[in-house]
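J.:
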Amino acid sequence: GAVVSQHPSRVICKSGTSVKIECRSLDFQATTMFWYRQFPKKSLMLMATSNEGSKATYEQGVEKDKFLINHASLTLSTLTVTSAHPEDSSFYICSAPHRGGGLDQPQHFGDGTRLSIL
Amino acid sequence: QKEVEQNSGPLSVPEGAIASLNCTYSDRVSQSFFWYRQYSGKSPELIMSIYSNGDKEDGRFTAQLNKASQYVSLLIRDSQPSDSATYLCAVMFSSNTGKLIFGQGTTLQVKP
Numbered sequence: 105g106a107v108v109s110q111h112p113s114r115v116i117c118k119s120g121t122s123v124k125i126e127c128r129s130l131d132f133q134a135t136t137m138f139w140y141r142q143f144p145k146k147s148l149m150l151m152a153t154s155n156e157g158s159k160a161t162y163e164q165g166v167e168k169d170k171f172l173i174n175h176a177s178l179t180l181s182t183l184t185v186t187s188a189h190p191e192d193s194s195f196y197i198c199s200a201p202h203r204g205g206g207l208d209q210p211q212h213f214g215d216g217t218r219l220s221i222l
Numbered sequence: 100q101k102e103v104e105q106n107s108g109p110l111s112v113p114e115g116a117i118a119s120l121n122c123t124y125s126d127r128v129s130q131s132f133f134w135y136r137q138y139s140g141k142s143p144e145l146i147m148s149i150y151s152n153g154d155k156e157d158g159r160f161t162a163q164l165n166k167a168s169q170y171v172s173l174l175i176r177d178s179q180p181s182d183s184a185t186y187l188c189a190v191m192f193s194s195n196t197g198k199l200i201f202g203q204g205t206t207l208q209v210k211p
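So the protein lines, in turn, are chains E and P. First residue of the first sequence: 105, per our numbering; consecutive thereafter. First residue of the second sequence: 100, per our numbering; consecutive thereafter.
1) Could you work out which residue in Trp134/P, Met191/P, Gln208/P, Ser194/P is closest to Lys155/P when comparing CA atoms only?
2) Going along the chain, which residues of its own chain have a beta-carbon closer than 6 Å to the beta-carbon of Arg203/E, five neighbours each way excluded?
3) At which residue ranges does the region 111-152 of chain E contain complete beta strand (DSSP E) runs of 3 or more residues, listed in the order of the chain?
4) Kindly list the residues whose CB is nearer than 6 Å to the CB of Val171/P, restricted to its own chain and excluding five residues on each side of it in sequence; keep chain order.
5) Leaving out five residues on either side along the sequence, give the residues of the same chain with a beta carbon under 8 Å from the beta carbon of Ala184/P.
6) Quick check: is any heavy atom of the ligand SAH less than 7 Å from the C-beta of Tyr150/P?
7) Just list the residues that DSSP pairs Arg136/P with in beta bridges.
8) Let me know if Ile200/P comes out buried or exposed under the rule of 16 or more other beta-carbons within 10 Å of its beta-carbon.
9) Closer than 8 Å is the cut-off here; do at least three beta carbon pairs connect the region 151-158 of chain E with the region 120-136 of chain E?
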């Protein structure tokens with residue numbers, strides 16, 4: 105069964121809306137989670153590393169004020185896309201290391217959130 | 100800049116054949132390598148992880164790693180139509196960060 109749960113699976117909203125996406129680890133604690141973005145027919149691109157109890161680490165070119173990450177607890181990380189615009193439409197996916205293991209462990213992915221901004 | 104390269108395909112094989120998927124990476128000190136399968140519209144699912152040179156087998160899947168050549172491959176034996184998907188090679192360049200760099204993926208088509 106799934107070890108990482110992501111919600112919602114799909115969001116369609118108007119330009120200017122802020123959208124929150126939740127990522128939960130099921131039955132294990134994840135002090136670190138990762139957020140990726142995937143455009144159609146492209147590969148996954150790492151956006152940021154979410155750290156429980158500290159600030160997220162963003163990859164080069166990712167606007168931290170645009171994509172707010174909060175690792176609220178040992179099992180929950182949230183990504184908020186603020187004032188979303190059509191160019192933010194994408195497939196957003198979170199991941200966590202296997203069963204809360206070390207960072208060198210395989211990552212398991214949530215089911216993803218397909219965000220469509222009109 | 101750290102890079103992971105894959106042939107985007109599509110790679111077409113008949114049912115029952117061996118599918119061979121290849122991946123090269125740019126950083127010689129990389130330690131951890133992963134193969135994920137992604138069906139259209141879905142998120143990636145882990146198939147194999149490999150950390151040491153050589154072969155690692157799991158059912159119909161075999162991952163091969165050659166660190167000297169900076170090359171990792173995935174063999175799928177007895178390919179089935181249900182194996183038709185995009186296969187993503189992911190490299191963890193540093194186990195201290197856990198960050199994965201993905202290749203662009205190879206689309207595999209298994210024809211009945």
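A virtual CB, placed ideally from N, CA and C, is assigned to each residue, including glycine. All values derive from a computational prediction rather than experimental measurement.
T.: Answer, in terms of the structure:
1) Trp134/P
2) Phe132
3) 114-117, 123-129, 136-142
4) Annotation for Val171/P: Cys122, Phe132, Leu164 place their beta carbon closer than 6 Å to its own, counting only its chain and skipping 5 residues before and after.
5) Arg136, Gln137, Tyr138, Ser139, Thr206, Leu207
6) No copy of the ligand SAH occurs in the structure displayed, which carries no ligand at all.
7) Glu144/P, Tyr186/P
8) buried
9) yes
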